[in-house]
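Q: For reference, the structure I am asking about is given below.
In this note's numbering, the protein residues as written are 597 to 721.
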């Protein structure tokens, strides 16, 4: 609740600043509770959108890496531990984007990009 309130207050503070066009909710989040993390991203993004409807909001996976292999998307595995409503919200959103970093895992940047493109395609982000 505090995390979501923080983002709502921050959105309100920057609502008139044209240079504030996106929010990265948490850089390199660490959690084994992926579902709870994405539910929190959803709540925060909805709170931001209630204040600044066109502000883009980053979704990040655990550690913000492109670790989920592309083939997992082929079998629907990118949704592991995520609530159906949250997945549908991601797919329907016009303001969320998938943020990620590459620090050597997977082994090549090309593989990381392939993984991210698979999730991006499946989630419409």
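Think of the CB as a built atom: it goes at the ideal place given N, C-alpha and C, for glycine as much as any other residue.
Enumerate, from N- to C-terminal direction, the unbroken alpha helix (DSSP H) stretches of 4 or more residues contained entirely within the stretch 603 to 641.
A: Here no run is fully enclosed.
Q: What first and last residue would you give for the alpha helix (DSSP H) that runs through residue 696?
A: Residue 696 -> not in any alpha helix (DSSP H); beta strand (DSSP E) instead, spanning 692 to 697.
Q: Quick check: the Cα distance between residue 650 and residue 628, rounded to an integer number of angstroms?
A: Roughly 30 Å separates the two Cα atoms.
Q: Hey, quick one: how far does the alpha helix (DSSP H) through residue 709 stretch, first residue to last?
A: Residue 709 -> alpha helix (DSSP H) spans 705 to 719.
Q: With a 10 Å radius around its C-beta and 16 neighbouring C-beta atoms as the bar for buried, classify residue 703 as buried or exposed.
A: It is exposed - the Cβ of residue 703 has fewer than 16 other Cβ atoms within 10 Å.
Q: Measure from the alpha carbon of residue 655 to the alpha carbon of each residue in 678, 707, 647, then state which is nearest.
A: With distances taken between Cα atoms, residue 655 lies closest to 678.
Q: Using the C-alpha atoms, what's the distance from residue 603 back to residue 610?
A: Distance between the alpha carbons of residue 610 and residue 603 is about 11 Å.
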